[in-house]
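First up is the structure itself, then whatever we jot down about it.
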Amino acid sequence: MDAVWNLSNRRLTQVAYGIGGLAQWLPRHEGRTLTLLADPAVADSEAVDQVSACAAWAGRSVERLVLDGPGTLESVTALGERLRGGDVVLAVGGGTLLDQAKLAVLMSAAPVVRERLAVRQRGGLVLLPSEAEPRIPLITVPTTVGTGSELSGGVCLAGPHGKRLVLGNGLQPDLAVLDPVSTRTLPVELLAEGVLEVFFRVAGMYVGDPQDLPSEDAFALTLVERLVVLGAELASVRGAGEAPGDPLRLEIAKLSGVSHSQWFNLGRDPCACKGWYLANELSTGLGLRKMTAAAAVLPPLWRRIAEGDTHWGSARRLRRLWRSVTSVHPALAEDPVEGVTQLLDAWRIGRRVSATEERTDHIARATTRAWGDGLPTLGALTLADIRRVLAESVEPADLTEQARHTPQTSADIRRRVAHNITEGGEHHADHDQQRRVRTA
């Protein structure tokens with residue numbers, strides 16, 4: 001498979017460490033206005049205040065828009081219409097908001113994007129034409145970690161049949177601003193899940209493609225080792241009942257974005273991370289946070305790879321990756337499957353989910369329909385292959401038991417944190433590593 005799907009003349013995203021970098025970037029670009037898109041969770045945050053102050057210093061008038069909800073084709077289209085004719089767009093928020101901003105800015109300049117997205121199709125992957133490029137500069141200020149949307153040419157778009165993955169170089173932001181002030185309100189368990197998300201993505205691409213690429217492999221393994229070190233540091237901070245400091249959060253944020261760099265995956269199968277597609281559908285089908293789903297999928301997925309099922313990935317490369325992990329975390333088991341289970345528990349990632357057999361089968365069929373059955377994303381994997389991994393990812397539950405429990409979403413966690421702070425209670429944003437997540 002040709003690993004290069006979309007080429008354009010658009011340059012890669014510039015990066016500024018610190019919101020103060022805006023004071024240097026804005027005067028170099030034309031225009032007098034700035035449209036600030038903010039996530040409701042951070043609309044009144046210090047980060048938004050600092051961004052607004054920088055814009056005012058640079059002589060820009062600021063229009064604030066607060067975006068709520070996952071973003072649909074209709075809502076993003078409406079946002080694109082509103083942004084048309086603007087000078088600069090600046091988005092402050094998590095991956096969902098950044099994705100909406102990226103897609104809306106591109107739609108405002110290229111109607112072909114909406115046309116492509118409006119076409120009914122079975123598959124969950126949408127490739128945008130390389131000639132589709134934005135006219136309005138976009139600045140991203142991420143307030144979460146993990147997705148790396150601030151530096152990627154991809155977005156997730158919610159639809160009636162689940163999320164679609166939309167790829168195109170025109171989705172690449174112009175500038176990403178990384179500042180620890182932006183993640184100060186991020187609950188610590190979501191910070192830990194962000195570390196896992198980057199690990200899941202980088203390890204999945206490395207293990208999922210059997211070919212050896214010496215330089216790219218070295219970059220990927222170094223990144224994995226660094227993630228494990230930061231994950232251990234974060235776990236230690238949580239264990240001590242302390243809040244993670246600015247330097248630690250900034251280091252995690254750096255790796256979140258840089259993991260999308262072409263140098264990690266140049267020449268690889270772009271669909272190598274098979275686990276992403278399963279976790280995406282499990283998350284959607286059970287209403288789980290995506291890293292709860294990813295943590296549930298990871299051990300059984302690696303078990304299939306370790307047992308030699310090459311449709312999922314390379315056992316040889318899995319062993320090599322795990323040797324890199326244990327070189328910086330020797331307390332973990334040498335067996336990758338046992339070891340990654342220990343790692344998830346050490347990072348306190350909730351991974352125990354339940355579903356009925358019927359529900360699991362429904363999710364397996366939805367996964368096959370969106371990403372398999374001849375599509376390049378899941379390649380030669382069959383419905384039986386997918387059903388087996390998903391069945392091993394969940395614990396059985398009857399309908400009555402499921403109906404009594406609902407999962408915690410990221411929004412739930414943020415509301416709990418805000419409530420605890422308002423009530424004056426000490427909050428360490430922790431949860432029992434053996435917590436069961438029940439779903440309806």
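Numbering of the sequence shown is given in the working numbering, commencing with residue 1 and proceeding in unit increments.
For glycine and all other residues, C-beta sits at the position ideal for the given N, C-alpha and C.
Treat the numbers as computed from the prediction; the structure is a model and nothing was measured.
Check: Whole-angstrom Cβ separation of Val207 and Gly313, contact assumed at under 8 Å?; Outcome: 4 Å
Check: Can you pull the DSSP bridge partners for Leu65?; Outcome: Leu37
Check: Measure the C-alpha to C-alpha separation of Asp87 and Gly31 and round it to an integer number of angstroms.; Outcome: 5 Å
Check: Just how far apart, CA to CA, sit Ala56 and Gln262?; Outcome: 35 Å
Check: Could you compute how far the alpha carbon of Arg64 sits from the alpha carbon of Cys273?; Outcome: 37 Å
Check: Taking only runs that begin and end inside the region 214-283, name each unbroken alpha helix (DSSP H) of 4 or more residues, in chain order.; Outcome: 214-239, 246-258, 262-265
Check: Classify Thr360 as helix, strand or coil using the three-state DSSP reduction.; Outcome: helix
Check: Note down, in chain order, each residue of its chain lying with its Cβ closer than 7 Å to the Cβ of Thr368, except the 5 sequence neighbours on either side.; Outcome: Leu383, Ile386
Check: Are the region 74-83 and the region 104-112 touching, with three or more C-beta to C-beta distances below 8 Å?; Outcome: yes
Check: Please classify Thr35: is it buried, with 16 or more other beta-carbons within 10 angstroms of its beta-carbon, or exposed?; Outcome: buried
Check: What are the boundary residues of the beta strand (DSSP E) that Gly208 is part of?; Outcome: Not the beta strand (DSSP E): Gly208 falls in the alpha helix (DSSP H), residues 188-208.
Check: Residues in its own chain within less than 6 Å of Arg226 by CB, not counting five upstream and five downstream?; Outcome: none
Check: Who does Pro142 pair with in a DSSP beta bridge?; Outcome: Gly93
Check: May I ask you to report which of helix, strand or coil DSSP gives Arg352?; Outcome: strand
Check: If we count the other Cβ atoms within 10 Å of its Cβ and call it buried at 16 or more, is Gly94 buried or exposed?; Outcome: buried
Check: Can you tell which of Leu79, Ala118, Ile139 has its C-alpha closest to the C-alpha of Ala23?; Outcome: Ile139
Check: So, at 7 Å on beta carbons, what are the nonlocal neighbours of Pro244 in its own chain, with the 5 sequence-adjacent residues on each side left out?; Outcome: Val188, Leu191, Leu234, Val237
Check: In whole angstroms, what is the alpha-carbon distance linking Trp371 and Asp269?; Outcome: 15 Å
Check: Kindly give me the distance between the Cβ atoms of Ser61 and Thr96, rounded to whole angstroms, as I take these residues to be in contact under 8 Å.; Outcome: That belief does not hold up - the Cβ atoms of Ser61 and Thr96 are roughly 27 Å apart, past 8 Å.
Check: Out of Tyr277, Leu332, Ala333, state which residue places its alpha-carbon closest to the alpha-carbon of Gly379.; Outcome: Tyr277
Check: Pro336 and Trp322 - do their beta-carbons sit closer together than 8 Å?; Outcome: yes
Check: For Ala346, count neighbouring Cβ atoms within 10 angstroms of its own Cβ and tell me buried if that reaches 16, exposed if not.; Outcome: buried
Check: Pop quiz: Ala47 and Thr143 are said to be a contact at Cβ under 8 Å. What is the actual Cβ separation, rounded to whole angstroms?; Outcome: 6 Å
Check: Excluding the 5 residues preceding and the 5 following Gly275 in the sequence, name in chain order all residues of the same chain whose CB lies nearer than 6 Å to its CB.; Outcome: Gly204, Val297, Leu301
Check: Given that a residue counts as buried once 16 or more other Cβ atoms are within 10 Å of its Cβ, and exposed if not, what is Ala331?; Outcome: exposed
Check: Can you tell me whether DSSP reads Leu98 as helix, strand or coil?; Outcome: helix
Check: Hey, Ala158 and Pro70: beta-carbon distance below 8 Å or not?; Outcome: yes
Check: What residue from Pro40, Val195, Thr360, Ala78 has the CA that sits closest to Ile349's CA?; Outcome: Val195
Check: Look at the alpha carbon of Leu136 and the alpha carbon of Val89, and state the distance between them as a whole number of angstroms.; Outcome: Note on identity: in this sequence residue 136 is Ile, with Leu being the wrong assignment. Looking at the two C-alpha atoms, the distance is approximately 7 Å.
Check: So Leu223 packs on Ser259, CB below 8 Å; how close in whole Å?; Outcome: 6 Å
Check: Kindly list the residues whose CB is nearer than 6 Å to the CB of Pro40, restricted to its own chain and excluding five residues on each side of it in sequence; keep chain order.; Outcome: Val66, Asp68
Check: Please report the Cβ distance between Ala176 and Gly257, rounded to the nearest whole angstrom; I am assuming they are in contact, meaning their Cβ atoms lie under 8 Å.; Outcome: 6 Å
Check: Hey, Ile363 and Val181: beta-carbon distance below 8 Å or not?; Outcome: no
Check: Given a cut-off of 8 Å, decide if Leu250 and Leu178 are closer than it, judged by their beta-carbon atoms.; Outcome: yes
Check: Assuming the contact rule is C-beta atoms closer than 8 Å, Ala78 and Pro27 should be a hit. Round their C-beta distance to whole Å, please.; Outcome: Not quite, the Cβ-Cβ distance comes to about 31 Å (not below 8 Å), so this is no contact.
Check: Does DSSP put Gly159 in a helix, in a strand, or in coil?; Outcome: strand
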